[in-house]
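Novice: Be aware that the sequence shown starts at 1, since it is given in the working numbering, and climbs by one per residue.
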Amino acid sequence: MCRNLCLAYVGPYTDYETCLNCGEFHFDQIKLRQSRRRVKVPRAVFNTIPLALQLQALFRTLATAQKMKYRERCTQEIYEELLRNQGLVDAYDNVMTRSAYLDAVCNEKIGPDDMLLIFLIDSAQLYKSKLSDCWIYIWIVLEHSPDEHYKKKHVLPGAIIPRPNKPKFIELFLYPGFHHISAVQCEGLTIWDASTDQTFNSNLFLILACADGPSLLCLSNLVGHSGKQGCHMFCPVKGRRKPNSSQYYPVLLQPDNYQVNGCLHPNISPYDITPSTSSDYVKKLKILMAAPNQAQYEK
Numbered sequence: 001m002c003r004n005l006c007l008a009y010v011g012p013y014t015d016y017e018t019c020l021n022c023g024e025f026h027f028d029q030i031k032l033r034q035s036r037r038r039v040k041v042p043r044a045v046f047n048t049i050p051l052a053l054q055l056q057a058l059f060r061t062l063a064t065a066q067k068m069k070y071r072e073r074c075t076q077e078i079y080e081e082l083l084r085n086q087g088l089v090d091a092y093d094n095v096m097t098r099s100a101y102l103d104a105v106c107n108e109k110i111g112p113d114d115m116l117l118i119f120l121i122d123s124a125q126l127y128k129s130k131l132s133d134c135w136i137y138i139w140i141v142l143e144h145s146p147d148e149h150y151k152k153k154h155v156l157p158g159a160i161i162p163r164p165n166k167p168k169f170i171e172l173f174l175y176p177g178f179h180h181i182s183a184v185q186c187e188g189l190t191i192w193d194a195s196t197d198q199t200f201n202s203n204l205f206l207i208l209a210c211a212d213g214p215s216l217l218c219l220s221n222l223v224g225h226s227g228k229q230g231c232h233m234f235c236p237v238k239g240r241r242k243p244n245s246s247q248y249y250p251v252l253l254q255p256d257n258y259q260v261n262g263c264l265h266p267n268i269s270p271y272d273i274t275p276s277t278s279s280d281y282v283k284k285l286k287i288l289m290a291a292p293n294q295a296q297y298e299k
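Written as structure tokens, this is what we have:
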């Protein structure tokens, strides 16, 4: 990876020898010269922990294999509850009560041997009285019960990305882990179950990607809540700013005696706010990519 965390040399960037953003060298130049370009040692690296092997290990003992049956039992209980209550559940206290999940199970898209995952990413402070010195992403396995799947011993590490800076193109640092997940999703994961002494094939489903505010901006590449279009869901509501200020606020009503260029749109009713669509996103993305500089984009 770039030593300034601009990008990771993966995928189409694997063979690049300098960073496209800051110009730093990919490889140690001294060792490169001494070996006549035969030995290429990266100046900085980050670590990705493959998920498949960790999931297989969860079924290696009788106790842990039995705990991994929670989702299957819970789903059966929810269906019985729906039958008793004419299509309603007593409490929506679990991701398994979501209609999208239940429909997928009913349509046999998600089977009893499959596994549901939650992805979470955040910066981490490993030492007291120091700034955050790395980024970590983890996997939550929803085959564990809700009172256990967030506990430290059940959280599976995905990758550790050292600082000093925030990753500029976070998707490149996620690429190895998600490429691994994609390969497993294509082929399925063969697992030996200690509780039944049998092997089965499991498919992985990523149902949620979670982060706090700053980390969410890295994942979405949107402007953030203080930007002109600051909604995390990319709805069309534009913010308003104070005179001579660059920070926007989601003010629906135009203030009295207010004359700020770019913020003079009429009052907005909360009942008229419509969700964004993928076509809107692609259209605005094309405008952004076609602009050679900030001034042209603002036109």
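Built from N, CA and C at the ideal position, the CB exists for glycine as well.
All values reported here derive from a predicted model rather than from experimental measurement.
Whole-angstrom Cβ separation of A8 and F46, contact assumed at under 8 Å?
Specialist: What you label residue 8 is simply residue 8 of the sequence shown in a count that begins at 1. What you label residue 46 is simply residue 46 of the sequence shown in a count that begins at 1. Between F46 and A8 the Cβ distance is about 7 Å, and since that is below 8 Å, they are a contact.
Novice: Could you check where the beta strand (DSSP E) with C134 kicks off and where it finishes?
Specialist: Translated into the one-based positions of the sequence shown, residue 134 becomes position 134. Start and end: C134 to V141.
Novice: Pull the bridge partners of Q198 from the DSSP assignment, please.
Specialist: Within the sequence shown, residue 198 is the residue found at index 198, counting from 1. DSSP lists D193 as partners of Q198.
Novice: Using C-beta distances below 6 Å, list every residue in its chain close to S145, excluding the 5 sequence neighbours before and after it, in chain order.
Specialist: The count along the sequence shown starts at 1 and reaches residue 145 at position 145. Y70, listed in sequence order.
Novice: For the beta strand (DSSP E) containing P157, name the first residue and the last one.
Specialist: Looking up residue 157 in the sequence shown gives position 157. Counting along the chain, the beta strand (DSSP E) containing P157 begins and ends at L156 to P162.
Novice: According to the neighbour-count rule (16 or more other Cβ atoms, all chains shown, within 10 Å of its Cβ), is V237 buried or exposed?
Specialist: Taking the sequence shown and counting its residues from 1, one reaches residue 237 at position 237. Answer is buried; the Cβ neighbour count reaches 16.
Novice: In this structure, how does DSSP classify Y16 when only helix, strand and coil are distinguished?
Specialist: As a working mapping, residue 16 is identified with position 16 in the sequence shown. Of the three classes helix, strand and coil, the one that applies to Y16 here is coil, per DSSP.
Novice: Unbroken beta strand (DSSP E) runs of length 3 or more, entirely within the region 245-287: which are they?
Specialist: Runs found: none.
Novice: Any beta carbon of chain D sitting closer than 8 Å to that of E77?
Specialist: Checking the listed chains, one finds no chain D in this structure; it contains a single protein chain.
Novice: Is the region 47-62 touching the region 157-165 in the sense that three or more CB pairs, one from each, lie closer than 8 Å?
Specialist: Counting Cβ pairs under 8 Å, three or more are found: they touch.
Novice: Could you give the DSSP three-state label for S35: helix, strand or coil?
Specialist: Numbered from 1 along the sequence shown, position 35 holds the residue referred to as residue 35. In this structure, S35 counts as coil in the three-state DSSP scheme.
Novice: Hey, out of P176, S220 and N165, whose CA is closest to L51's CA?
Specialist: What you label residue 51 is simply residue 51 of the sequence shown in a count that begins at 1. With distances taken between Cα atoms, L51 lies closest to P176.
Novice: Taking the continuous alpha helix (DSSP H) assigned at L88, which residues delimit it?
Specialist: As a first step, residue 88 is located in the sequence shown; it is residue number 88 there, counting from the start. Element bounds for L88: n/a, residue is neither H nor E.
Novice: Whole angstroms is fine: what's the gap from N201's alpha carbon to Q254's?
Specialist: Working through the sequence shown from its first residue, we reach residue 201 at position 201. Working through the sequence shown from its first residue, we reach residue 254 at position 254. Those two C-alpha atoms are separated by around 58 Å.
Novice: Our contact map puts A185 next to N203 with C-beta atoms below 8 Å; I'd like the distance itself, whole angstroms only.
Specialist: Here residue 185 refers to the residue found at position 185 when the sequence shown is read from its first residue. Here residue 203 refers to the residue found at position 203 when the sequence shown is read from its first residue. The residue asked about is misnamed: residue 185 is Gln in this sequence, not Ala. Right, their Cβ atoms sit about 6 Å apart.
Novice: Who are the Cβ neighbours of P112 in its own chain at under 7 Å, not counting the five residues just before and after it?
Specialist: Position 112 of the sequence shown, counted from the first residue, corresponds to residue 112. Only E72 meet the Cβ criterion.
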